[in-house]
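*Asks:* This is the structure I want to talk about, given as structure tokens.
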Amino acid sequence: MQDSVAVKVAQHDSPAGALLAWYAGERRHLPWRAPPGEGQDAYKVWLSEIMLQQTTVKAVLPRYAMFLRRWPDVKALACAELDEVLAAWAGLGYYARARNLHECARVVVAQHGGTFPATEAQLRQLPGVGGYTAAAIAAIAFGQRATPVDGNIERVVARLFAVATPLPEAKADIKTLAQSLTPEMHAGDFAQSLMDLGALICTPRRPACGLCPVRSDCRAYAQGLAEVLPYREEKAERPVRRGIAFVALRSDGTILLRQRPLRGLLGGMLETPSSPWTEAKPAAKSLREYAPVDADWRKVPGLVEHTFTHFQLELTVYRAEVGLQTELGRAAEPERCRWLKLRDLAGAALPSVMRKVIGHALQAKPAGRASAARVAGVPPRADRRSA
Ligand code: SF4
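Mapping of the sequence shown onto numbering that gives the first Met the number 0: position 85 corresponds to residue 84, and the numbering continues sequentially without gaps.
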């Protein structure tokens with residue numbers, strides 16, 4: 000099949016023909032891909048494309064294999080509990096994707112009989128499936144003439160046409176240009192050839208133009224602009240948000256965790272009980288107001304920092320050893336709390352930032368009594384300053 004694709008496309012005197020011929024021989028061999036010229040199972044395309052958003056191929060490979068082993072088709076995934084899916088997703092970030100993945104599987108089963116719809120328009124109706132993913136599934140799984148444009152493709156097309164408008168303003172133009180290149184046949188292989196060209200040759204820095212199959216068509220190469228395009232508007236600096244995270248430990252080897260609300264950032268994931276994350280420094284009263292239990296809270300030296308897409312987070316961590324019979328205060332929101340064995344944390348739906356918080360609390364020696372505070376009463380003056 001690969002040879003027949005190469006022979007067919009060798010007759011094309013176009014960037015698409017050159018790219019398809021190159022893809023037949025030089026593509027990345029990835030487990031969610033079918034050989035050139037063959038359609039791929041829509042479930043595999045969808046799963047891999049959702050995982051690959053904002054995540055590297057290297058990070059996705061083991062997780063994709065694990066998901067497929069555990070949930071080999073969309074019906075199996077639809078039967079899973081959301082908690083299981085979130086736990087399996089933990090560490091990949093952008094957890095709304097995991098919630099939507101689960102919801103989408105249920106919709107495909109309930110409304111489409113367990114078969115993904117084949118058109119871009121229908122695919123876009125599914126939870127968590129945006130324009131890019133719909134086009135990728137339509138082209139790769141169903142062989143339709145659709146044009147997904149991800150970051151790699153955006154860069155390649157901006158260079159091929161020497162687009163001078165900076166990103167993100169140029170996005171619509173780049174999409175139109177990419178569509179103009181898309182062939183009637185083999186649109187899925189063509190899209191994947193652009194993805195691979197961007198990943199392997201037309202890289203963000205120092206593109207290997209000498210190896211490029213479309214060099215003779217490339218305006219950026221001709222104009223000596225390959226390394227500087229695409230232009231980008233300067234990004235605004237991320238604001239900093241701050242909060243307090245409370246790590247409560249019991250002598251039976253458990254830690255107090257709370258489920259975050261289902262909607263919103265890290266929705267449905269577990270966290271150590273925490274104060275809200277705000278741009279203002281945590282007020283002195285935060286320690287008393289948000290501590291989940293009445294205990295001898297000790298500040299762990301240092302901060303936990305984590306970068307989200309739209310802000311930088313700085314968490315001050317407090318730790319306390321509490322008794323087995325300790326009652327949770329109202330601030331803990333007890334109905335969403337549970338005590339979890341520390342040894343079971345590896346398989347829990349804990350986002351990376353909370354793994355950092357717990358690691359920080361467990362590894363660092365708690366500070367001395369000067370920074371301890373009993374949250375039932377007014378914190379000592381020193382703590383009010385530091386909190
Ligand atoms: Fe990218 Fe260079 Fe190929 Fe142009 S010639 S598409 S800049 S690798």
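Ideal Cβ placement from N, Cα and C applies to all residues, glycine included. Keep in mind the model is a prediction, meaning the values are calculated, not measured.
#1: Check whether the Cβ of L159 sits closer than 7 Å to any heavy atom of the ligand SF4, and report yes or no.
#2: Under the three-state reduction of DSSP, which class applies to I49: helix, strand or coil?
#3: Please state the DSSP three-state secondary structure of L224.
#4: CA-CA distance, A17 and C103?
#5: Would you mind giving the Cβ-Cβ distance between Y42 and D188, rounded to the nearest angstrom? I have them listed as a contact below 8 Å.
#6: What did DSSP end up calling G130 once you bin it into helix, strand or coil?
#7: Per the DSSP calculation, F245 is bridged to which residue(s)?
#8: Check whether the segment 162 to 179 touches the segment 111 to 126, taking contact to mean three or more Cβ pairs, one atom from each stretch, closer than 8 Å.
#9: Kindly indicate which three-state DSSP category H101 falls into: helix, strand or coil?
#10: Does the beta-carbon distance from R105 to G267 come in below 8 Å?
#11: Is T175 helix, strand or coil when you go by DSSP?
#12: With DSSP as the reference, please indicate the residues paired to K340 in a beta bridge.
#13: Which residues mark the beginning and the end of the beta strand (DSSP E) in which R297 is found?
#14: Relative to the C-alpha of G36, which residue among P275, R240, F160 and G142 is closest?
#15: Within 10 Å of its beta-carbon, does V73 have 16 or more other beta-carbons around it, so buried, or fewer, so exposed?
*Replies:* This is what the structure gives:
#1: yes
#2: helix
#3: coil
#4: 36 Å
#5: That belief does not hold up - the Cβ atoms of Y42 and D188 are roughly 19 Å apart, past 8 Å.
#6: helix
#7: Y317
#8: no
#9: helix
#10: no
#11: helix
#12: T253
#13: D295 to T306
#14: G142
#15: buried
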